[in-house]
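Chemist: Sequence lines, in order, name chains A and B.
Each residue of the first sequence is one higher than the one before, counting from 302 in our numbering.
Each residue of the second sequence is one higher than the one before, counting from 62 in our numbering.
A virtual CB, placed ideally from N, CA and C, is assigned to each residue, including glycine.
No experiment lies behind these values; they were computed from the predicted model shown.
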Amino acid sequence: MARKIVKSRYYGDEGLIETMAEVPVDKLKAWGPDAELKVVGKPVSRLDGYEKVTGKAAFTFDVSLPRMTYAKILRSMVPHAKIRSIDTSEAEDLPGVLKILTHKNCPVIPWHWGTTVLFDTEVRYQGDEVACVVAESMQIAEDALSLIKVDYEILPFVSDPSEAMKAEAPKVHAWGNIIDGKPSLYSRGDVEKGFQDSDVIFEDTYSTQVVVHNPTEAHCSVVSWDGDKLTVWDSTQALFGVRDAIAKSLSMPASKVRVIKKFMGGGFGGKLEAGKYSVIAALISKEIGRPVRIALDRKEMNLSVGNRPDSVQKLKAGAKKDGTLLALSHYSFGNVGAYPNDADCSWPLRTLYKCPNVRTEEYSVLTNLGRARAYRAPGHVQGTFAFESMMDDLAEKLGLDPLELRRKNYTEIDPVSNRPYTSKLILDAYQKGSEAIGWKEKRKPAGSEKGRFRRGIGMASQIWWGGGGPPAYATIKLNEDASLHVMAGTQDLGTGTYTFLAQIASEVLELPIEKIQVTIGDTETCPYCSLSGGSMTAPSVSPAVRDASEQMKRKLISAAGAILETSESNVKYSAGKMSRLDDPAKIISISEVIEKLDEKMIVTTGAREANPEGYEINTFGAQFAEVEVDTDTGKVRVIKVVAAHDIGRVLNQKTLFNQLHGGIIQGIGYALMEERVVDTYTGKVLTTNIHDYKIPTIMETPQIEVIIVSSGDLLISNTGVKGVGEPAIIPTAAAIANAVYNATGVRIKSLPITADKVLMALSEKN
Amino acid sequence: MYNPVIFICNGKEIRTSASPTLTLLDFIRRELFLTGTKEGCREGDCGACTVLIGAGSDDGSVSYSAVNSCLIPLGTLHGKHLLTIEGLPKDALSPFQQALIKEGGIQCGFCTPGLIMSVTGFLLSEKDLSIEHAIEAIAGNICRCTGYKSIKRALESFLCDSGINPEAGEKRMESLIENGFIPPYFRNIPELLRSIPPFAEDPEDTKLKPYFAGGTDIMVQKQGEATDINFHFLKWSEERVRVEDGFIVLDAALKVSSIMDSAVLKTCLPQLESCLGLFGSRQIRNQATLGGNLANASPIADLANIFLALDGRLTLQNGDQVREVPLRDFFLGYKRLSKTESERIVKLKLPVPESGFFFNFEKVSRRKHLDVASVNSSVYMKAIDGRVKFIHIAAGGVAPYPLYLKETSSFLEGKSLTSGIILEAALIAQSECSPISDIRGSEEYKRLLLRQLIFAHFMKFNPELIYSPEILFQAQAPSKIF
Ligand SMILES: Cc1cc2nc3c(=O)[nH]c(=O)nc-3n(C[C@H](O)[C@H](O)[C@H](O)COP(=O)(O)OP(=O)(O)OC[C@H]3O[C@@H](n4cnc5c(N)ncnc54)[C@H](O)[C@@H]3O)c2cc1C
Ligand code: FES
Ligand code: FES
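1) List, in order along the chain, the chain A residues whose C-beta lies closer than 8 Å to that of B/Ser211?
2) Please report how far the alpha carbon of A/Ala303 lies from the alpha carbon of A/Glu851, in whole angstroms.
3) Which residues does DSSP pair with B/Arg448 in a beta bridge?
4) Is it the case that the CB of A/Ile999 approaches a heavy atom of ligand 3 more closely than 7 Å?
5) Can A/Glu518 be considered in contact with ligand 2, in the sense that its beta carbon sits closer than 7 Å to one or more heavy atoms?
6) Here's the rule I'm using: 16 or more other beta-carbon atoms within 10 Å means buried, otherwise exposed. How should B/Asp106 be labelled?
7) Indicate whether at least one CB of chain B lies closer than 8 Å to the CB of A/Gly313.
8) Please compile the residues from chain A whose C-beta is within a distance smaller than 8 Å of the C-beta of B/Tyr506.
9) Determine whether the Cβ of B/Ala313 lies closer than 8 Å to any Cβ atom of chain A.
10) Check whether chain A comes within 8 Å of B/Thr207, counting only Cβ atoms and requiring the distance to be less than that.
11) Would A/Thr988 pass as a contact of B/Ile500 if the rule is Cβ separation under 8 Å?
12) May I ask you to verify whether the segment 324-334 of chain A touches the segment 905-922 of chain A, counting CB pairs closer than 8 Å and requiring at least 3?
13) Assuming B/Phe68 is part of the beta strand (DSSP E), what are its boundary residues?
14) Interface residues of chain B around A/His992 at Cβ under 7 Å?
15) Is DSSP giving B/Ser399 helix, strand or coil here?
16) Provide the residue span of the beta strand (DSSP E) that contains A/Thr800, from first to last.
17) State yes or no: is the C-beta of A/Leu629 within less than 8 Å of the C-beta of A/Ala618?
18) Please indicate yes or no: does the CB of B/Thr207 lie closer than 7 Å to some heavy atom of ligand 3?
19) Run down chain B in chain order and give the residues with a C-beta less than 8 Å from the C-beta of A/Ser377.
20) Put B/Glu423 into one of helix, strand or coil per three-state DSSP.
21) Helix or strand or just coil, what does DSSP make of A/Pro703?
22) Return the first residue and the last residue of the beta strand (DSSP E) that A/Lys330 is part of.
23) Give me the Cβ distance between A/Thr826 and A/Met853, rounded to the nearest whole Å; I'm assuming they're in contact under 8 Å.
24) Is B/Thr173 near ligand 3, in the sense that its beta carbon is under 7 Å from a heavy atom of that ligand?
25) Apply the 10 Å Cβ neighbour rule to A/Val942 and answer buried if 16 or more other Cβ atoms are within range, or exposed otherwise.
26) Please confirm whether B/Gly72 has its beta-carbon closer than 8 Å to some beta-carbon of chain A.
27) CA-CA distance, A/Arg310 and A/Ile449?
28) Any beta carbon from chain A within less than 8 Å of B/Thr288's own beta carbon?
29) Mind checking which residues open and close the beta strand (DSSP E) that includes A/Val324?
30) For ligand 5, enumerate in chain order all residues having a CB closer than 6 Å to any of its heavy atoms.
31) Can you tell which of B/Gly148, B/Phe68, B/Tyr63, B/His518 has its C-alpha closest to the C-alpha of B/Thr98?
32) Within its chain, find whatever has a CB closer than 6 Å to the CB of B/Ile75; leave out the 5 residues flanking it on each side and keep chain order.
33) Answer yes if the segment 672-688 of chain A comes into contact with the segment 602-612 of chain A, meaning at least three C-beta pairs across the two stretches below 8 Å, and no otherwise.
34) Take A/Glu315 and list the residues in its own chain whose beta-carbon comes closer than 7 Å to its own, dropping the five residues that flank it on each side.
35) For B/Ser432, go through chain A and note every residue whose CB falls closer than 8 Å to its CB, in chain order.
36) Taking A/Ser365 as the query, report the chain B residues whose CB atoms sit under 8 Å from its CB, ordered along the chain.
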């Protein structure tokens, strides 16, 4: 099928992606809202279920190769120091130790955009890489670590971003503690005038904590060389990113690096980049000529592989008496840790509502702590908590129903780009969500509840990108026995990619799903797809699979026409059989066609089409929370969450529910308990295990009602899918905070909303 | 070389001369290559490593409990049956496995094997097969992906029509085999276990090694250490709860779960079971012992707190020497005990509660389950016509050791309870404690929380005493208290 190269522009997990992409010239017609689909959208059970419930699913963590060796990294125990010297002699003498890598014997490989190298002589946070031991066993590697002597010249450190922003603060890097040396700015209209024209001004400061991804499977790689070819099993969300980073680091052709990832125990954004650990393992493996396994432990997971940056957000809103927003301003800073990243979080404020005058000023601040990374809807989660808390405060001040205030400022045009949205069903989400939670009947004025246990209801809106875009490709191979192989260089984080790709092929070709094998997670055998983040996997890859499947169908029809001696338009395709319309008795099966073609299989490759020009693609939604606050102890319990979202077409109801429920529970963790705690006197992290870093258990699970208000976005792609992974978590914390306010009349402006904050705030109020 | 440890893994006998202190999880994954058992934290906090351990008893039956294999040394497995995910029926998926797939109770699948083992343990050992108990049985299995709703649905869908015989014991086991939850080889396990000779004890002097009871503290503390340390695996003659001479006697070896199940305690102190439901997770409760909790002397230890209020007395033993210490005098300072290193705790005695007594336990932690307290507190009292006959209050997390609130308790003794008296008592309690700021809360907060927990006790005792906390808040703003 004809292809062309176009400019592709869409938003990923960390903002705008602009790239050239090969796309089909002719777009397939999207499945309409009333398309009668038999497999897509149905609650199909996941195809990898059997492997997962039997313990047979092999995760990277489980990969074991003959003659495999074990690597363990020595990490800095201090937040900031220069390494005067390292003595590895005693460790090297330990029987079973095969190789120790330090800055002394490791090639200089730039990392984090050249701000550091694989093993730096200056360590900038507790957890920075100092050395790596490879040994015959884990135990020996661990023993050897304790025998390495490092002489540190301790340097002053800074762990609080507000301190780090000061001129006299210790410098994390010689070039300063603020990324780019300046804030990132955005403005539209005239904010000062907007405030002047406002009847009501509201201003406050909100803050959020650092949270850590903590997927259940640790970051890990197993690497193995075969001559000059390197195979890397990695627990990653970005196959090709890992491949290219390793190839570049080791100065080898990308074609010689194969990255494989079959199953992974979650990522949530923390596994979107290549890790130093993979490169270190590859270097050592090459030298010792044996496979190396490297797996981080839970402490390393909590120190060194990323987190959601914190934020301090000073917000100001100006509105007319009737609630019309006239001006919004946002000033914030956030802690990105020791190496560059960004902590920006103003997108919700810029885009959720119509407001002519907006100004934002955001600082991403370096400190001597573990580096921030993309974490499920980066920026939007922090930003939505603050902004939607403020909208609730503003509504209270205006004497308006919070939902009314939001409806009042609804926009169909993206306020930043002035482009229309391909679809926006947030008003439906407000309507259906508020009905489900009982907004009208159950919600009382804030703080009017009496007694020890007080209930309240709150809500928050959600906006995110999640439209995906090209390039993304899929190859399908149809065998003579009418079994099918779908291949795409994407990855399944547990999100159900294997299953929904099979569903699409099954839908188009009307073949049973049991006959479809999906291969993803392999850079060598699969065509390119982008990383799995930004809720892009389904919207980017599903249309490519449909494209490939439709091409396959056309090929079969064409072949059948030739064999049945008629025109293609006289051939009807049905469930793997082609028949003449004018003579239905003349019928031929896939097997017969392929046999006649004298090929063992037919192959097609499909591509994701271009996004429509002149539009913005966003997901929308609203969540409503009901909470109960124990005013004696300050404990907050979430009773119910209603999640109403516009996410385009649903591909699979079961995996959709998983995504939403999981996002909401992570949102509850973020709202109520998860927090990386740092001792600012020593610069050390106090929560380095999941005993101290609290993740919700099944006992924290409230009632959850999911409402999908969309049925497929006809403009974006042939499947009409938008992503859901990130929308799920975005509004949860704000909805809970607003519900706590509604229950108690006390506003908790900093996350997490722990019992101590509530109790102290309650006792201050009285 | 170590003396061989022999046990049954799934259906097969395993004989190994690996170190008895090797962590079971590592043995399973690295030596047996059974990688269905996952590793998520190595500290008992995630449940990914959950396996079942079956121990034979004299009557020939085998009782199973779900435990975290990351907290178990290989040596304690001798003579036992280890069940991993690979040991479940092979021909067909169990009804729970099927339900998980059908209801979508899986995402990445990393937590799934541990979850299935917890549920299998629940089916084998739980008396009450209700959905509430099933949920509670998996509170120690962290899932970062699914949000648990679909797991809950999977539990509901198979439990409503599982064909399992609710009667515990042999009949239950048979029905589990017949319904495909466990494989038929379970029938041979008692026989196989009986054929294993007792562990050949190393004659080496064990005096200087730390005692090993359940390991839930000691194995976590060991994690940081690079080399294996040796344990003295405690051998117990008995593990039960009984009434002797007006005292309830608890052996130190009792697991938290056995304390919860004890018929004696259910009668004498029915409140205890639900209080202990807040202790760790099912896996932890199946391992953690009474003696370990008291000897570890963590300031927030729940059992220490509860038994301080219940006026417990300890029996300590060193060889032939036996002595008794009131629990109140046992804790001297941070991890300092009125006990020599070679003395071990053998028993705890509690006076049998008088009729009409009141007991309450409060625990506030960041997460309701699978968490240790910011502050915990227990009260044990009896009041006649509103006048206190006796009262004992304990508080944890507000001092370097589990604290008996001596002055508060003696202040209240003999008093007629009014809001004012309770407020005064709370003030005394606050002056009696010395909390420090840490990740479980600031000093100020813990002090405030202690007062609130004292209110909570009396709210439960008689809601009318403290019908509205505002009254008390207004009576004295916290700034004036501190
Ligand atoms: C995930 C997790 C959750 C937890 N949650 C809670 C909780 O909610 N509440 C709570 O109170 N605790 C909790 N704990 C702590 C721990 O489970 C308890 O303290 C437990 O009771 C310790 O008992 P053990 O048998 O496991 O002790 P072990 O680890 O075997 O021993 C602890 C210490 O006591 C010594 N010791 C053991 N038995 C004796 C004896 N008979 N005589 C003398 N010394 C002895 C040992 O030498 C060791 O120093 C938790 C732990 C974990 C890992
Ligand atoms: S590995 Fe987490 S509980 Fe054992
Ligand atoms: S499914 Fe991923 S941790 Fe449970």
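Modeler: If we stick to the structure as given:
1) Reading the second sequence from its first residue, position 150 is the one you call residue 211 of chain B. Listed along the chain, the chain A residues whose CB falls inside 8 Å of the CB of B/Ser211 are Lys955, Phe958, Asn959, His962.
2) Position 2 of the first sequence holds residue 303 of chain A. Position 550 of the first sequence holds residue 851 of chain A. Rounded to the nearest angstrom, the gap between the Cα atoms of A/Ala303 and A/Glu851 is 14 Å.
3) As a first step, residue 448 of chain B must be located in the second sequence, where it is residue number 387. Residue pairing by DSSP puts B/Arg448 in a beta bridge opposite B/Ile445, B/Ser477.
4) Numbered from 1 along the first sequence, position 698 holds the residue referred to as residue 999 of chain A. No, the beta carbon of A/Ile999 sits no closer than 7 Å to any heavy atom of ligand 3.
5) Residue numbering aside, residue 518 of chain A sits at position 217 when the first sequence is read from its first letter. No.
6) Reading the second sequence from its first residue, position 45 is the one you call residue 106 of chain B. Label assigned to B/Asp106: buried.
7) Residue mapping note: residue 313 of chain A aligns to position 12 of the first sequence, counting from 1. It does not; no Cβ of chain B falls within 8 Å.
8) As a working mapping, residue 506 of chain B is identified with position 445 in the second sequence. Those within 8 Å of B/Tyr506 in chain A are Asp1057, Leu1060, Met1061.
9) Indexing the second sequence from 1 puts residue 313 of chain B at position 252. For B/Ala313, the nearest beta carbon of chain A is not closer than 8 Å to its own beta carbon.
10) Start at 1 with the first residue of the second sequence, and residue 207 of chain B comes out as number 146. Closer than 8 Å to some Cβ of chain A, the Cβ of B/Thr207 qualifies, so yes.
11) Here the question's residue 988 of chain A lines up with position 687 in the first sequence. Here the question's residue 500 of chain B lines up with position 439 in the second sequence. Their beta carbons are under 8 Å apart, which means A/Thr988 touches B/Ile500 by this criterion.
12) The segment 324-334 of chain A makes contact with the segment 905-922 of chain A, as at least three CB pairs between them are under 8 Å.
13) In the second sequence, the residue the question calls residue 68 of chain B occupies position 7. It spans 66-70 - the beta strand (DSSP E) in which B/Phe68 sits, taken as one unbroken run.
14) Taking the first sequence and counting its residues from 1, one reaches residue 992 of chain A at position 691. Glu104, Asp106, listed in chain order.
15) In the second sequence, counting from the first residue as 1, residue 399 of chain B sits at position 338. If DSSP states are grouped into helix, strand and coil, B/Ser399 belongs with coil.
16) The residue you call residue 800 of chain A lines up with position 499 of the first sequence. Boundaries for A/Thr800: no beta strand (DSSP E) harbours it, while the alpha helix (DSSP H) harbouring it runs 798-810, taken from the DSSP string.
17) Taking the first residue of the first sequence as 1, we reach residue 629 of chain A at position 328. Taking the first residue of the first sequence as 1, we reach residue 618 of chain A at position 317. In this structure, A/Ala618 lies closer than 8 Å to A/Leu629 by Cβ.
18) The residue labelled residue 207 of chain B in the question sits at position 146 within the second sequence. Yes, Cβ of B/Thr207 sits closer than 7 Å to a heavy atom of ligand 3.
19) Here the question's residue 377 of chain A lines up with position 76 in the first sequence. Residues of chain B passing the Cβ test: none, with the nearest at roughly 16 Å.
20) Translated into positions along the second sequence, residue 423 of chain B becomes position 362. If DSSP states are grouped into helix, strand and coil, B/Glu423 belongs with the strands.
21) As a first step, residue 703 of chain A is located in the first sequence; it is residue number 402 there, counting from the start. DSSP, read as helix, strand or coil, puts A/Pro703 in helix.
22) Walking along the first sequence from the start, residue 330 of chain A turns up at place 29. A/Lys330 -> no beta strand (DSSP E), and no H or E assigned at all.
23) Locating residue 826 of chain A in the first sequence gives position 525, where the first residue counts as 1. Locating residue 853 of chain A in the first sequence gives position 552, where the first residue counts as 1. That pair is no contact at about 18 Å.
24) Sequence index remark: in the second sequence, residue 173 of chain B carries index 112 (1-based). Yes, the beta carbon of B/Thr173 sits closer than 7 Å to at least one heavy atom of ligand 3.
25) In the first sequence, residue 942 of chain A corresponds to position 641, counting from 1. Burial call: buried.
26) Reading the second sequence from its first residue, position 11 is the one you call residue 72 of chain B. By the rule that beta-carbons nearer than 8 Å mark a contact, B/Gly72 does not touch chain A.
27) For this step, residue 310 of chain A is matched to residue 9 along the first sequence. For this step, residue 449 of chain A is matched to residue 148 along the first sequence. Distance between the alpha carbons of A/Arg310 and A/Ile449 is about 49 Å.
28) Counting from 1 along the second sequence, the entry for residue 288 of chain B is found at position 227. A caution first: B/Thr288 carries a pLDDT of 45, below 50, which makes its placement in the model unreliable, though a value can still be read off. Against chain A, the CB of B/Thr288 has a partner CB under 8 Å away; the residue lies at that interface.
29) Here residue 324 of chain A corresponds to residue number 23 of the first sequence, with the count starting at 1. 316-325 is the extent of the beta strand (DSSP E) around A/Val324.
30) Inclusion of ligand 5 in the displayed structure is not the case, the ligand content consisting of ligand 1, ligand 2 and ligand 3 alone.
31) Here residue 98 of chain B refers to the residue found at position 37 of the second sequence. Checking every option, the nearest Cα to that of B/Thr98 belongs to B/Gly148.
32) Taking the first residue of the second sequence as 1, we reach residue 75 of chain B at position 14. Excluding its 5 nearest sequence neighbours in each direction, B/Ile75 has C-beta neighbours in its own chain below 6 Å: Phe68, listed in chain order.
33) Verdict: yes, contact present.
34) The count along the first sequence starts at 1 and reaches residue 315 of chain A at position 14. The beta carbon of A/Glu315 is closer than 7 Å to those of Ala675, Pro679 in its chain, skipping five residues each way along the sequence.
35) Position 371 of the second sequence, counted from the start, is the residue given in the question as residue 432 of chain B. Reading the sequence as shown, one finds Asp at residue 432 of chain B and not Ser. At a C-beta separation below 8 Å, B/Asp432 has these neighbours in chain A: Lys995.
36) To locate residue 365 of chain A, count along the first sequence from 1; it is residue 64. Within chain B, the residues near A/Ser365 are Phe94, Thr96.
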